[in-house]
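S.K.: Quick note on the working numbering: the sequence shown kicks off at 3 and runs consecutively. Before anything else, here's the structure in question.
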Amino acid sequence: MSRAIIEQYFTAFNAGDTDTMLSLVSDDVEHHVNQGEVRRGRAAFAEFCSHMGVSYREELRDMVVFLSEDGSRAAAEFMVHGEYLQTDPGLPEARGQAYVLPAGSFFALKEGQITRVTTYYNLQDWIAQVAA
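Given below as structure tokens:
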């Protein structure tokens, strides 16, 4: 079941289906991002998803999902294929630039829900691609 939850999460991400993503996370989900503060709770995660949907269009490809034996942890490695749509404060100006970069996400799962999402990517690589 844990693998199915992670696969459903990423399928929803690629479809821009935030409602399904939100249904898969716990009320007290912790969202750790590459750069920035930890967001706590479904409402904070929803706000992040809403912002991302306006500023970026991304598709995750070449997905490989890993799962712990007990199903309480999962990880995924993938390539992010994106387009920078709207300028994010403190980042280069958006002009519809395309980018491709490797990334990974780590999850904690409990009682059929995602309780933690941690995502890593090389921010300097992304900046170099969109600033060119």
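Every residue, glycine too, gets a C-beta built ideally from N, C-alpha and C.
If you draw a straight line from the alpha carbon of V66 to that of T13, how long is it in whole angstroms?
M.R.: 13 Å
S.K.: With contact counted as at least three CB pairs below 8 Å, one residue from each stretch, are the region 55 to 62 and the region 22 to 30 in contact?
M.R.: Inter-segment contact for the region 55 to 62 and the region 22 to 30 is absent: fewer than three beta-carbon pairs are separated by less than 8 Å.
S.K.: If you compare alpha carbons, which of F47, G43, A96 is closest to F15?
M.R.: Of F47, G43, A96, the residue nearest in Cα terms is F47.
S.K.: With a threshold of 16 other CB atoms inside 10 Å of the CB of A100, please say whether the residue is buried or exposed.
M.R.: exposed
S.K.: What residue range does the beta strand (DSSP E) around E61 cover?
M.R.: 58 to 69
S.K.: Would you call the CB atoms of V35 and G43 closer than 8 Å?
M.R.: No; because the gap between Cβ atoms is not below 8 Å, this pair is not in contact.
S.K.: Report yes if the CB atom of Y86 is closer than 8 Å to the CB atom of G98, and no otherwise.
M.R.: yes
S.K.: When DSSP labels each residue in this structure, what does S74 get in the three-state scheme?
M.R.: Three-state DSSP puts S74 in coil, outside helix and strand.
S.K.: H83: which of L93, D64, R41 sits nearest, CA to CA?
M.R.: Here the closest residue by C-alpha is D64.
S.K.: Expressed to the nearest angstrom, what Euclidean distance is found between the alpha-carbon atoms of E113 and I7?
M.R.: 11 Å
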